[in-house]
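J.: The structure under discussion is supplied below as structure tokens; questions concerning it will follow.
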DNA sequence: TTATGCTACTATAAAAAATATAGTAGTGAT
DNA sequence: ATCACTACTATATTTTTTATAGTAGCATAA
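Chains as they are written, first to last, in the numbering used here: chain L, 62 to 164; chain X, 62 to 164.
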């Protein structure tokens, strides 16, 4: 695929399974196991892979928090947060077309 | 996954491979073979499957046009067109973050 | 100090999805 | 009659995702 169009550039990772939901749930910082629960059964292998991909794309940051029990937090970068606006539109689209019966 | 949140409802098909690009290119009605070319090498099996899925979701219509050489056109429904607005936002996000060098 | 639990993963094999490649069927033009 | 266009389907292979189990560090409880 020729990557001349901007949508196509983004589609390679935005169109991957789980990406949509991951970014959605990262509207607040989350831990790995939190994401696993929120996403309702995503495989840890897939989740790891997707988080690495989104980190590489500059959408999120992985941060090791050295508290009592050391843990890892994933949070959106500025670029990722800016993308959430798009999801808010998506959310409105869904409420327009899915909240009531037929359209 | 509990389907309580609107994004999750939509994510099952919006988050499938190629869906993003298909809807993008359907901003104008397209034929099967046109989509194949535009999408740059999507497998016809996958394309057929995705078009059926999006038709079932009410995002697009499949129409047989009985012209000289009978052909098929795929075009967005009102619901699908309404979704394009979301993609326009996505497009702006991409131009903000991808047109220039680092951010 | 052994056991148990939490967190963040990795390993492996199996299942599901996407792909490459070839082929079919209808129609029209040469 | 042959070739070309369109819209697919068939089949085998590759890639991706999944289920399931396990590892390793640290902390609290017994």
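By construction, the Cβ of each residue, glycine as well, lies at the ideal position given by its N, Cα and C atoms.
Taking residue 75 of chain X as the query, report the chain L residues whose CB atoms sit under 8 Å from its CB, ordered along the chain.
T.: One-based indexing of the second chain puts residue 75 of chain X at position 14. Simply 81 and 151.
J.: For residue 121 of chain L, which option in L/155, L/83, L/136 and L/143 has the closest C-alpha, if you only look at C-alpha atoms?
T.: Working through the first chain from its first residue, we reach residue 121 of chain L at position 60. When only C-alpha atoms are compared, the closest one is L/136.
J.: Could you tell me which chain L residues have their CB closer than 7 Å to the CB of residue 17 of chain X, listed as they occur along the chain?
T.: Only positions 62 to 164 of chain X appear in the structure, and residue 17 of chain X is not among them; the question remains open.
J.: With a 10 Å radius around its C-beta and 16 neighbouring C-beta atoms as the bar for buried, classify residue 98 of chain L as buried or exposed.
T.: As a working mapping, residue 98 of chain L is identified with position 37 in the first chain. Flag for residue 98 of chain L reads exposed.
J.: Pick helix, strand or coil for residue 118 of chain X, following the three-state DSSP scheme.
T.: Counting from one through the second chain, the residue named residue 118 of chain X turns up at place 57. It is coil, neither helix nor strand.
J.: Please report the residue range of the alpha helix (DSSP H) in which residue 96 of chain L lies.
T.: As a working note, residue 96 of chain L is residue 35 in the first chain. Per DSSP, residue 96 of chain L belongs to the alpha helix (DSSP H) from 93-99.
J.: So residue 151 of chain L and residue 71 of chain X are in contact, right, with Cβ under 8 Å, and what is the actual spacing, rounded?
T.: Sequence index remark: in the first chain, residue 151 of chain L carries index 90 (1-based). Sequence index remark: in the second chain, residue 71 of chain X carries index 10 (1-based). The Cβ separation is near 7 Å, so the contact holds.
J.: Would you kindly check if the distance between the Cβ of residue 147 of chain X and the Cβ of residue 147 of chain L is under 8 Å?
T.: Position 86 of the first chain, counted from the first residue, corresponds to residue 147 of chain L. Position 86 of the second chain, counted from the first residue, corresponds to residue 147 of chain X. Closer than 8 Å, so yes.
J.: Would you kindly work out how many angstroms separate the C-alpha atoms of residue 108 of chain X and residue 130 of chain L, rounded to a whole number?
T.: Position 47 of the second chain, counted from the first residue, corresponds to residue 108 of chain X. Position 69 of the first chain, counted from the first residue, corresponds to residue 130 of chain L. The straight-line gap from Cα to Cα measures roughly 47 Å.
J.: Excluding sequence positions up to five away, which residues of its chain have a Cβ less than 8 Å from the Cβ of residue 100 of chain L?
T.: For the purposes of this step, residue 100 of chain L is taken as the residue at position 39 of the first chain. Hits under 8 Å: 79, 82, 83, 86 and 108.
J.: Where does residue 137 of chain X sit, in a helix, a strand or coil, going by DSSP?
T.: Numbered from its first residue, the second chain carries residue 137 of chain X at position 76. Residue state, collapsed to three classes: strand.
J.: Among X/138, X/155, X/90 and X/77, which has the Cα closest to the Cα of residue 132 of chain X?
T.: Here residue 132 of chain X refers to the residue found at position 71 when the second chain is read from its first residue. Of X/138, X/155, X/90 and X/77, the residue nearest in Cα terms is X/90.
J.: Under 8 Å, do residue 92 of chain L and residue 134 of chain L count as touching if we go by C-beta distance?
T.: Here residue 92 of chain L is taken as the residue at index 31 of the first chain, counted from 1. Here residue 134 of chain L is taken as the residue at index 73 of the first chain, counted from 1. Yes, Cβ-Cβ distance for residue 92 of chain L and residue 134 of chain L is below 8 Å.
J.: Applying the 10 Å Cβ sphere with the 16-neighbour rule, what's the burial state of residue 76 of chain X?
T.: Taking the second chain and counting its residues from 1, the one referred to as residue 76 of chain X is at position 15. By the neighbour-count rule (16 or more Cβ atoms within 10 Å), residue 76 of chain X is buried.
J.: Mind pulling the chain X residues with CB within less than 9 Å of residue 133 of chain L?
T.: Residue 133 of chain L sits at position 72 when you count from the first residue of the first chain. Within chain X, no residue comes near residue 133 of chain L; the closest Cβ sits about 22 Å away, beyond 9 Å.
J.: Give the interface partners of residue 78 of chain L over in chain X, defined as CB-CB distance under 8 Å, in chain order.
T.: What you label residue 78 of chain L is simply residue 17 of the first chain in a count that begins at 1. What residue 78 of chain L touches in chain X: 76, 77 and 78.
J.: Compare the C-beta of residue 147 of chain L with all C-beta atoms of chain X and state if any pair is closer than 8 Å.
T.: The residue labelled residue 147 of chain L in the question sits at position 86 within the first chain. For residue 147 of chain L, the answer is yes, since a Cβ of chain X falls inside 8 Å of its Cβ.
J.: At least one CB of chain X closer than 8 Å to the CB of residue 113 of chain L: is that the case?
T.: Here the question's residue 113 of chain L lines up with position 52 in the first chain. It does not; no Cβ of chain X falls within 8 Å.
J.: Please work out which residues of its chain come closer than 7 Å, Cβ to Cβ, to residue 119 of chain L, disregarding the five sequence neighbours upstream and downstream, and give them in chain order.
T.: Position 58 of the first chain holds residue 119 of chain L. Around residue 119 of chain L: 138 and 140.
J.: Quick one: residues in its chain with C-beta nearer than 7 Å to the C-beta of residue 103 of chain X, no 5 flanking neighbours on either side, listed in chain order?
T.: Looking up residue 103 of chain X in the second chain gives position 42. 79 and 97, listed in sequence order.
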